[in-house]
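These notes concern the structure reproduced below.
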Amino acid sequence: MEIEQLEKVAAQVRRDIVRMVHGCQSGHPGGSLGCTDLLVALYFERMKLNEKDGKVVFEMDGKGEDLFFLSNGHISPLLYSVLARKGYFPVAEMATFRKLNSRLQGHPTPHEHLEGIRIASGSLGQGMSVAIGAALSKKLNNDNSLVYVLMGDGEQQEGQVWEAAMFAPHHKVDNLIAIVDLNGQQIDGPTAKVMDNRDLAAKYEAFGWEVMTVEEGNDMASVVKGLYEAKSKAGHAKPVMIILHTGMGYGVDFMMGSHKWHGVAPNDEQLAAALAQLEESMGDY
Amino acid sequence: MKKYTFTEKKDTRSGFGAGMHELGQKNPNVVALCADLVGSLKLEPFIKENPERFVQCGISEANMISVSAGLTIGGKIPFATTFANFATGRVYDQIRQSVAYSGKNVKICASHAGLTLGEDGATHQILEDIGMMKMLPGMTVINPCDYNQTKAATIAIADYEGPVYLRFGRPVIPIFTDADQKFEIGKAWMVNEGTDVSIFATGHMVWEAIQAGEQLEAEGINAEIINIHTIKPLDEEAILKSIAKTRCAVTAEEHNRLGGLGDSVAQVIVKNDLVPQEYVAVNDSFGESGTPAQLMEKYGLTAADIVAAAKRAIARKK
Numbered sequence: 592m593e594i595e596q597l598e599k600v601a602a603q604v605r606r607d608i609v610r611m612v613h614g615c616q617s618g619h620p621g622g623s624l625g626c627t628d629l630l631v632a633l634y635f636e637r638m639k640l641n642e643k644d645g646k647v648v649f650e651m652d653g654k655g656e657d658l659f660f661l662s663n664g665h666i667s668p669l670l671y672s673v674l675a676r677k678g679y680f681p682v683a684e685m686a687t688f689r690k691l692n693s694r695l696q697g698h699p700t701p702h703e704h705l706e707g708i709r710i711a712s713g714s715l716g717q718g719m720s721v722a723i724g725a726a727l728s729k730k731l732n733n734d735n736s737l738v739y740v741l742m743g744d745g746e747q748q749e750g751q752v753w754e755a756a757m758f759a760p761h762h763k764v765d766n767l768i769a770i771v772d773l774n775g776q777q778i779d780g781p782t783a784k785v786m787d788n789r790d791l792a793a794k795y796e797a798f799g800w801e802v803m804t805v806e807e808g809n810d811m812a813s814v815v816k817g818l819y820e821a822k823s824k825a826g827h828a829k830p831v832m833i834i835l836h837t838g839m840g841y842g843v844d845f846m847m848g849s850h851k852w853h854g855v856a857p858n859d860e861q862l863a864a865a866l867a868q869l870e871e872s873m874g875d876y
Numbered sequence: 023m024k025k026y027t028f029t030e031k032k033d034t035r036s037g038f039g040a041g042m043h044e045l046g047q048k049n050p051n052v053v054a055l056c057a058d059l060v061g062s063l064k065l066e067p068f069i070k071e072n073p074e075r076f077v078q079c080g081i082s083e084a085n086m087i088s089v090s091a092g093l094t095i096g097g098k099i100p101f102a103t104t105f106a107n108f109a110t111g112r113v114y115d116q117i118r119q120s121v122a123y124s125g126k127n128v129k130i131c132a133s134h135a136g137l138t139l140g141e142d143g144a145t146h147q148i149l150e151d152i153g154m155m156k157m158l159p160g161m162t163v164i165n166p167c168d169y170n171q172t173k174a175a176t177i178a179i180a181d182y183e184g185p186v187y188l189r190f191g192r193p194v195i196p197i198f199t200d201a202d203q204k205f206e207i208g209k210a211w212m213v214n215e216g217t218d219v220s221i222f223a224t225g226h227m228v229w230e231a232i233q234a235g236e237q238l239e240a241e242g243i244n245a246e247i248i249n250i251h252t253i254k255p256l257d258e259e260a261i262l263k264s265i266a267k268t269r270c271a272v273t274a275e276e277h278n279r280l281g282g283l284g285d286s287v288a289q290v291i292v293k294n295d296l297v298p299q300e301y302v303a304v305n306d307s308f309g310e311s312g313t314p315a316q317l318m319e320k321y322g323l324t325a326a327d328i329v330a331a332a333k334r335a336i337a338r339k340k
């Protein structure tokens, strides 16, 4: 897909995010908006997805296709929007987000059989381990497609992340591309103040990863270029890590660059102000 | 009393190792994972024949559980193995989110459960694992009684789709069940039919219950002994049928009395058919260092304790 078209999809996804969070007056818009360009680039451009008659099809085993795992499950509005816009489930279902009897739980889960979701996430630090398992499964199945996982930068404070960070290079899980969303913010404030991650790239390099940085994680062309570069680095005996610099709340001016909008929903007035900045390119749900 | 004899003693963990060896040969989807305890889990024969299907995780149990959940995506059947303490309490959240809530076909196989781990002491002697695992929706909990039954259970759970917690132990104990038994998940095994008291036992305590049954017989008490190898799903029908006849119950387990087999049986009794029940279990405490036999005696988990509990239960009958 052309960069311009991807940007249009991203604008619609951002509309979906703020509308979903507004609709239930809860959820996490900040990180969702910041990672929108990445997920749109993955699902609408980079990932090889199983299709039938020009429509995506979901099977839990995901054989022969690239897989994506969301470890920082609280940015679920983003994942739901991208999956719905890609055609995994009806876009109208986004209206049920975080409401009773919905398949769109506050944090993603396969428990309600939502197409596109393969693992529950929410309790942080587990997603990279799960992605490693799925990558090992692909190797055992002689399936040469790739496995992607996205984590938050605050999430790097979980000990299990570093168990997985040690495991993947040791076992040469080179069909894994992990991404850290480096937005520098977490619930209690700037990550550097809450618990400083310091130099994540150096840490992962020391653990034996192939590490690359995308400085402009909200510039679609940069993100797409970075993802193709990462793909070219896969298959060379090392797992690949992308340090992706993003802005929390990107795309809505008053939500940008602050931890304030990590887990806060906009009111009616704020919603209108946000939507005025985002093109309705695919039709609201 | 039906006679149970044995010619050999073995550890239940070796039954697990033998089951894995056989699974390695007959099920190409079975993958074994271990957190630096390959020898203790008796995995060497499996690894020797299937090196590509063994994943050494190092001392990183949380990662091992979540990697196992990921391995199911693509159709693998992961058996995640370590000591029971590190397989449950240490990784409860990983099991809860990545395995149980996600509905993944992971087999958590835990050795060195309970007091009979012995000298290592309370840090390693988990007595709360059955409770933690049975509280997870969708989790199957199995605690087989000897080498042969552990081997059969290991093979059976590979054919069952869904998360399973399989618990076994370290010490050598008599082998008294059939080598060629078919293991049915959720189906209690009638060890001895009786009329005076129902003894529901699990794991290592089944042999103790048999010893107790013989002592009771010598005193003119006819005990029914049932091996509850599957604590969840519980064979309620077998329990109700038994207490309808005997009108009192004893439960015996190498576990805290809170949250284990006893509480599961008590729920069935309270809800359906109120009869006296006595617990043989650890009385809400941690263990300590000692030989397995010393510990079982100090913490009240011997045949003599079951005999005493049976007499108390009978005395309470209306």
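These protein sequences, in sequence, are chains X and P.
Residue 876 is where the first sequence ends in the numbering used here, and the numbering goes up by one at each step.
Residue 340 is where the second sequence ends in the numbering used here, and the numbering goes up by one at each step.
Each residue gets a CB set at the ideal place from its N, CA and C atoms; glycine is no exception.
Note that the structure is a prediction, hence the values are computed from the model and not measured.
C-beta contact flag for residue i and residue j at 8 Å
| i | j | result |
| --- | --- | --- |
| residue 261 of chain P | residue 302 of chain P | no |
| residue 773 of chain X | residue 710 of chain X | no |
| residue 190 of chain P | residue 61 of chain P | no |
| residue 719 of chain X | residue 783 of chain X | no |
| residue 166 of chain P | residue 128 of chain P | no |
| residue 323 of chain P | residue 306 of chain P | no |
| residue 220 of chain P | residue 264 of chain P | yes |
| residue 312 of chain P | residue 136 of chain P | no |
| residue 175 of chain P | residue 188 of chain P | yes |
| residue 624 of chain X | residue 814 of chain X | no |
| residue 635 of chain X | residue 679 of chain X | no |
| residue 249 of chain P | residue 153 of chain P | no |
| residue 55 of chain P | residue 102 of chain P | yes |
| residue 630 of chain X | residue 597 of chain X | no |
| residue 115 of chain P | residue 81 of chain P | no |
Nearest candidate by alpha-carbon position, reference residue i, set the options
| i | options | result |
| --- | --- | --- |
| residue 148 of chain P | P:104, P:48, P:166, P:54 | P:104 |
| residue 801 of chain X | X:654, X:711, X:809, X:791 | X:791 |
| residue 872 of chain X | X:633, X:706, X:603, X:745 | X:603 |
| residue 612 of chain X | X:874, X:852, X:869 | X:852 |
| residue 109 of chain P | P:146, P:124, P:76, P:267 | P:146 |
| residue 609 of chain X | X:779, X:760, X:685 | X:685 |
| residue 786 of chain X | X:757, X:816, X:812, X:745 | X:745 |
| residue 209 of chain P | P:297, P:258, P:216, P:129 | P:258 |
| residue 123 of chain P | X:708, X:639, X:677 | X:708 |
| residue 810 of chain X | X:738, X:639, X:614, X:627 | X:627 |
| residue 771 of chain X | X:716, X:845, X:690, X:737 | X:716 |
| residue 793 of chain X | X:832, X:594, X:723, X:814 | X:832 |
| residue 777 of chain X | X:866, X:670, X:665 | X:665 |
| residue 733 of chain X | X:634, X:638, X:826 | X:826 |
| residue 171 of chain P | P:162, P:195, P:151 | P:195 |
| residue 168 of chain P | P:334, P:29, P:24 | P:29 |
| residue 254 of chain P | P:226, P:283, P:236, P:237 | P:283 |
| residue 10 of chain P | P:271, P:173, P:69, P:183 | Here chain P has residues from 23 to 340 only, and residue 10 of chain P is not among them. |
Expected contact under 8 Å - CB spacing of residue i and residue j to nearest Å
| i | j | result |
| --- | --- | --- |
| residue 178 of chain P | residue 134 of chain P | Actually they are not in contact, since the Cβ atoms of residue 178 of chain P and residue 134 of chain P sit about 22 Å apart, beyond 8 Å. |
| residue 741 of chain X | residue 661 of chain X | 6 Å |
| residue 850 of chain X | residue 743 of chain X | The Cβ separation is near 12 Å, so there is no contact. |
| residue 325 of chain P | residue 230 of chain P | 5 Å |
| residue 197 of chain P | residue 31 of chain P | 7 Å |
| residue 275 of chain P | residue 227 of chain P | 6 Å |
Item to complete: Could you list the residues in the region 96–115 of chain P with a C-beta less than 7 Å from some C-beta on chain X, going in chain order?
Response: 96, 97, 98, 115
Worksheet item: Given a limit of 8 Å on CB to CB distance, which residues of the region 60–83 of chain P reach chain X?
Response: 74, 75, 77, 79, 80, 82
Item to complete: Pull out every residue of the region 115–128 of chain P whose Cβ sits closer than 7 Å to any Cβ of chain X, in chain order.
Response: 115, 116, 119, 120, 123, 124, 125
Discussion item. Counting only Cβ-Cβ distances shorter than 8 Å, please list the residues of the region 724–737 of chain X near chain P, keeping chain order.
Written reply: The residues in question are 724, 725, 726, 727, 728, 729, 731, 732, 734.
Worksheet item: If you pair each beta-carbon of the region 748–756 of chain X with each one of the region 778–798 of chain X, do three or more pairs fall below 8 Å?
Response: yes
Fill in: Residues of the region 806–824 of chain X with Cβ closer than 7 Å to any Cβ of chain P, in chain order
none
Worksheet item: Looking at C-beta atoms only, is the number of pairs between the region 842–862 of chain X and the region 615–633 of chain X that lie closer than 8 Å three or more?
Response: yes
Fill in: contact_flag[the region 670–690 of chain X, the region 760–768 of chain X] where n(CB pairs < 8 Å) is 3 or more
No, because fewer than three Cβ pairs between the region 670–690 of chain X and the region 760–768 of chain X fall closer than 8 Å, the two stretches do not touch.
Discussion item. Under 8 Å, with one C-beta from each stretch per pair, do the region 84–101 of chain P and the region 642–655 of chain X reach the 3-pair mark?
Written reply: Yes, they touch.
Worksheet entry | Cβ contact check for the region 288–298 of chain P and the region 197–206 of chain P: 3 or more pairs under 8 Å | no
Item to complete: Closer than 7 Å, Cβ to Cβ, to anything on chain P: give me those residues from the region 636–654 of chain X, in chain order.
Response: Close to chain P, meaning a Cβ-Cβ distance shorter than 7 Å, are the following residues of the region 636–654 of chain X: 651, 652, 653, 654.
Fill in: Residues, ordered as in the chain, of the region 686–704 of chain X that lie near chain P by beta-carbon distance below 7 Å
700, 701, 702
Worksheet entry | Residues of the region 709–721 of chain X whose Cβ lies closer than 9 Å to any Cβ of chain P, in chain order | 709, 710, 711, 712, 713, 714, 716, 717, 718, 719, 720, 721
Practice prompt. Please name the residues in the region 41–52 of chain P whose beta-carbon is closer than 7 Å to at least one beta-carbon of chain X, in chain order.
Written response: none
Practice prompt. Would you check if the region 213–227 of chain P and the region 237–253 of chain P touch, i.e. whether three or more CB-CB distances between them fall below 8 Å?
Written response: Short answer: they touch.
Discussion item. What are the residues in the region 736–758 of chain X lying within 8 Å of chain P by C-beta distance?
Written reply: 750, 751, 754, 755, 757, 758
Practice prompt. Select from the region 194–214 of chain P all residues with a C-beta closer than 7 Å to any C-beta belonging to chain X, and list them in chain order.
Written response: Those would be none; no residue qualifies.
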